[in-house]
Structures are given as C-alpha cells and as structure tokens.
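J.: The structure's right below; bear with me while I get my questions together.
Residue numbers (the numbering used here), protein chains in the order written: chain V, 1 to 228; chain U, 1 to 228.
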C-alpha cells in the first residue's frame, strides 16, 4: 500500500447495485473530500442526483461514472466488472401505491467480477432466481447471494414487519422456489450475504443454519475476507 | 419504563436544530416503523421533504411537526422547548457560490429547554456570539454550546480541510471573539458539545484542554448524562 493521506480511505472505487438506503446511506460517511470513483447505473445515479444531500459527496473529488448493463468496465486496476439486471423493485422511499417486485432493469443489479482467472458474482438483492439468471452466473467460481430471509413470512411471523420477503424484493433461502434449491446446480462456492437480523441462520445452533451449511453454503460475517 | 415493543426505541421525540448531514443522517437509522414525533422549523422540514430518501421515515408513524421560532411547545410531557435563530449558514449540500455564514433564520437554531424549575440551552452550531444571543441565554442554568474548533484556522492548519471555522458556521473556542471570552459573563454551568476530531481539547494533557476546564467549562463525552 502507498502512504496514505491524513483522512484517506483504502476505498478506491464504490459500485452501487441498488438505490435503497442500505446501499447508499453509507456514502454520507465518505464525504470528507477523500477521492474514489463511484460507479452505478443511470437509474441509481438518478436516485443520488434527486436527493441533494448526496451533493456533499463532492463530484469533483468523487467522479460519478454511469455504467450500462451488460458492458464490462474496469472497476479497479486488474479487476473487470459487469452489471446485469436481476428481479427486484424500486427503493422503499420511491415506492408508489403499486409496487412491481420482479422488475428487471437498472434499479437492482448483480455484478460479475473477474480478474481474468477467476470469476465471482455479487448479488445482494434478488426477488426470484430466473432461468436467465442461472445462465448468467453459470461460470461463477464464487457466488455471493441475497440471504436476507429464511422464509417469505419471516418478518410477519417475528412481528418485525408487515411485508413478505418477496414484497421486499428478496427471495427466501428455504422452500421449493427458494435460493438453495434454485441454485443447487451451480458449481460455484456459495456464500449468503445481506442477511437480516431476523434470519434464524444467525443462531449458532439452529436447524436452519445446519441446513444451510449442510447444503454447502457459507454464511458471511462482518469483516470476512474470501479467497477465490 | 413501560414494556417496550420488539423494535421499539426509547426515543419519544426528535428535535432537529439544523438540516446538515450530521444532524439529519441519523434519521435513516430510525426508519423501522417505531413511532416518535419529529420537531423542526419549516425550513429544516423542507430539507427533509426535498430529499425523498427521508420518506423512508414514514410520516404516518413519525409525524413531522413544524415549530415556529420563539414559540414554546411541549417537546415531551413536562418538558417545554423553544427554538430561536442563531448565526449560521445553510447545509453544506445546499450551498451556492456565495455563502452567508452569519445568517439568522430557521436554518440554524438554538433550543431553550425548561421543566418549569431549571432551564438548559442546547446550541450545537453558532457562527458568532451576538449580544442578542447573550440576552437570549441569560437565564440558563446549563448551556450546551458549539465546541467544534479550538481556533478558526484549525482545519487548514491540520491539513484536514480548506475552510475556516467561521466559513463552516462555527465560532472558535479561543481568541478574543471566541466562545469562552464571549460567554464568560454567563452564570450557567457550561459544556462544550459538537467537538470536531481535530480539536486539541480532546487531548488529555493539552494546554488547550487545561485552558477550557480552567475556565469552568465541561467537555462532553459520548453517553454523558448531565443533571441540572
């Protein structure tokens, strides 16, 4: 690593895959004039542009780079990324009275990452695993995937919410249409990320956690580093 | 305390004294449908309304109450508050090419808090201590006051910024026009809050800290509780 400036960060690039609060609010803590590049689709950049609070992330220090779907680009030196649409919805704070939860466009995207030798996919939000998505990620060596909820009624059952997982744009882990079954044919190493605090897979001794690890999935933890 | 709900918080009311990021971004962590009342001036509410990301703080669960300057209101049962203008500026992300740093209006306010017996003032941002402000806070039993910077050139001198304190809307602690000198005639107990991480009063053995405490001021710390 090169010597760092007084308020530098090790962050070289930020890539946004969604315009919802859990994906963008952290930018407000990266506003101390330290340079990095910010990549996102046009629609996600529009969410930032429409909320002037993000003007505090100075465009002259942090260039906003718009990325088209399905077009590879250099995210960091030696690391190529490509965005692709996955089923999802608009951010919570932009929902109208009718919400389409399996929208495929620029508002919810997955990322293909490659250094030329190995390939990883990062998909923190996904409402359903379509056959198209299975084709997209077939070459994965490592998959990081939406592990928000164990089952679709989890928020309702635990008294923490009134919406199903699918209404929130997140496929459940369990069940015949859940992510474990749908992704079982993949040759990749698989890791659940973006796991809600209601999810029983957090419980060390839970049957759900045993089921997940028994099916060959890892469960990500804060600060985890993964070598591929 | 009454029994709390699953995702309840002990926060009954939130009072915003400024529309800048350090005052409003925390609202994005209070969006889990737990009820409280949100008080602010019309101008500060407009900052929230103009940034749709704050729509995630549901108006049906968290009513937004507009408060006029100089009009007492009930902030919590038994606790009366009153807002008053102090010299300041618009939020960083709303600055134009010309910035007035001693604007007195609804964008930067101080708070008078009273339970009928004792009176406290909370003023986290203040560009200069005017005679009008001294009159306003003359009845304070306790003053919590803007301790952002030790001196006006601190950000420039430490290489952490390019603006003076006054340009940022913050009076320095030291100097003939600084807060210690200007507030020395006040009978209240005095505590510095909103202290920047460049401020040498954080250093346990610094001359600056000794000067501040020697002049009868307290230096606030995280989690501090003050009895008046």
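C-beta atoms are modelled at their ideal positions from N, C-alpha and C, and glycine is treated no differently. Predicted model, so just to flag it, every value in this text is computed and none were measured.
Name the residues in the segment 91–123 of chain V whose C-beta lies less than 7 Å from a C-beta of chain A; which are they?
T.: Absent from the structure: chain A. Protein chains present are V and U.
J.: In this structure, does DSSP put residue 231 of chain U in helix, strand or coil?
T.: Residue 231 of chain U lies beyond the stretch modelled for chain U, which goes from 1 to 228, so this question has no answer here.
J.: Going by beta-carbon coordinates alone, are residue 119 of chain V and residue 86 of chain V separated by less than 8 Å?
T.: Not a contact, by the Cβ cut-off of 8 Å.
J.: Out of V:102, V:111, V:149, which one is the CA nearest neighbour of residue 130 of chain V?
T.: It is V:102 whose Cα lies nearest to the Cα of residue 130 of chain V.
J.: What's the gap between the Cα of residue 25 of chain V and the Cα of residue 28 of chain U?
T.: So the two alpha carbons sit approximately 8 Å from each other.
J.: In this structure, what does DSSP give as the bridge partners for residue 94 of chain V?
T.: Its beta-bridge partners do not exist; DSSP assigns none.
J.: For the segment 121–139 of chain U and the segment 73–87 of chain U, state whether three or more C-beta atom pairs, one from each stretch, are separated by less than 8 Å.
T.: Yes: the two stretches touch, three or more of their Cβ pairs being nearer than 8 Å.
J.: Give me the chain U residues within the contact set of residue 169 of chain V, using Cβ-Cβ distance strictly less than 7 Å, ordered along the chain.
T.: Under the 7 Å cutoff, chain U gives no residues; its nearest Cβ is about 14 Å from residue 169 of chain V.
J.: Compare the Cα-Cα distances from residue 145 of chain U to each of U:171, U:224, U:163 and report the closest residue.
T.: When only C-alpha atoms are compared, the closest one is U:171.
J.: Who are the Cβ neighbours of residue 247 of chain U in its own chain at under 6 Å, not counting the five residues just before and after it?
T.: Any answer about residue 247 of chain U is impossible in this case: the structure gives chain U only from 1 up to 228.
J.: Please list, in chain order, the chain V residues whose beta carbon lies closer than 7 Å to that of residue 55 of chain U.
T.: Under the 7 Å cutoff, chain V gives 93.
J.: On the premise that residue 88 of chain V lies in contact with residue 169 of chain V, defined as a C-beta separation below 8 Å, what is that separation, rounded to the nearest angstrom?
T.: Their Cβ separation, rounded to whole angstroms, is 5 Å, which keeps residue 169 of chain V and residue 88 of chain V in contact under 8 Å.
J.: Hey, is residue 51 of chain U's beta-carbon within less than 8 Å of any beta-carbon in chain V?
T.: Output row for residue 51 of chain U: interface = yes.
J.: Do we get a CB-CB distance below 8 Å when we pair residue 1 of chain U with the residues of chain V?
T.: For residue 1 of chain U, the pLDDT reaches just 41, beneath the cut-off of 50, and the residue's location in the model is therefore unreliable, leaving the point undetermined.
J.: Applying a beta-carbon distance threshold of less than 7 Å, which residues of chain V neighbour residue 159 of chain U?
T.: Under the 7 Å cutoff, chain V gives 6.
J.: Expressed to the nearest angstrom, what Euclidean distance is found between the alpha-carbon atoms of residue 66 of chain U and residue 51 of chain U?
T.: Taking the straight line joining both Cα atoms gives about 17 Å.
J.: Rounded to whole angstroms, what's the CA-CA distance from residue 223 of chain U to residue 71 of chain U? Just pull it up for me.
T.: Their backbone Cα atoms lie some 30 Å apart in a straight line.
J.: Using a Cβ-Cβ cut-off of 8 Å, state whether residue 28 of chain V counts as contacting chain U.
T.: Yes, residue 28 of chain V lies at the interface with chain U (some Cβ there is under 8 Å from its Cβ).
J.: Which same chain residues end up closer than 6 Å to residue 99 of chain U when comparing Cβ atoms and leaving out the 5 residues on each side of it in sequence?
T.: Here the set comprises 89.
J.: Under the DSSP definition of a beta bridge, which residues are partnered with residue 191 of chain U?
T.: According to DSSP, residue 191 of chain U bridges with U:144, U:218.
J.: Using the C-alpha atoms, what's the distance from residue 47 of chain U back to residue 64 of chain U?
T.: In a straight line, the C-alpha of residue 64 of chain U is about 12 Å away from that of residue 47 of chain U.
J.: Residues of the segment 7–24 of chain V in Cβ contact with chain U at a cutoff of 7 Å, in chain order, please.
T.: Cβ contacts with chain U: 7, 21.
J.: In whole angstroms, what is the alpha-carbon distance linking residue 209 of chain U and residue 201 of chain U?
T.: Roughly 4 Å between the two C-alpha positions.
J.: Can you tell me which of the three DSSP states residue 213 of chain V falls into?
T.: Residue 213 of chain V: helix per DSSP, three-state reduction.
J.: Does residue 182 of chain V have its Cβ less than 8 Å from a Cβ in chain U?
T.: False, the Cβ-Cβ gap to chain U never drops below 8 Å.
J.: Run the CB neighbour count on residue 157 of chain V, radius 10 Å, all protein chains shown included, and call it buried at 16 or more, exposed below.
T.: With fewer than 16 Cβ atoms within 10 Å of its Cβ, residue 157 of chain V is classed as exposed.
J.: If you draw a straight line from the C-alpha of residue 68 of chain V to the C-alpha of residue 110 of chain V, how long is it?
T.: Each residue's Cα considered, the two are about 12 Å apart.
J.: Do the CB positions of residue 143 of chain U and residue 165 of chain U come within less than 8 Å of each other?
T.: Contact flag unset, no.
J.: With a threshold of 7 Å (Cβ to nearest heavy atom), would residue 182 of chain U be considered close to the ligand NAD?
T.: Ligands displayed in this structure: none; no statement on the ligand NAD is therefore possible.
J.: Tell me, to the nearest whole angstrom, how far the beta carbon of residue 186 of chain V is from that of residue 127 of chain V; I am working on the premise that it is less than 8 Å.
T.: Contact doesn't hold; Cβ gap of about 18 Å is too wide.
J.: So, is residue 125 of chain V buried or exposed, given that buried needs 16 or more other C-beta atoms within 10 angstroms?
T.: Classification of residue 125 of chain V: buried, given that the 10 Å Cβ count is 16 or more.
J.: Given a cut-off of 8 Å, decide if residue 113 of chain U and residue 13 of chain U are closer than it, judged by their beta-carbon atoms.
T.: The answer is no: Cβ separation not under 8 Å.
J.: May I ask which residues mark the beginning and end of the beta strand (DSSP E) holding residue 38 of chain U?
T.: Note, residue 38 of chain U: beta strand (DSSP E), 37–40.
J.: Between the alpha carbons of residue 219 of chain V and residue 177 of chain V, how many angstroms are there, rounded?
T.: Answer to the nearest angstrom: the Cα atoms are 20 Å apart.
J.: Apart from the five residues just before and just after residue 160 of chain U, which ones in its own chain have a Cβ nearer than 7 Å to its Cβ?
T.: 198, listed in sequence order.
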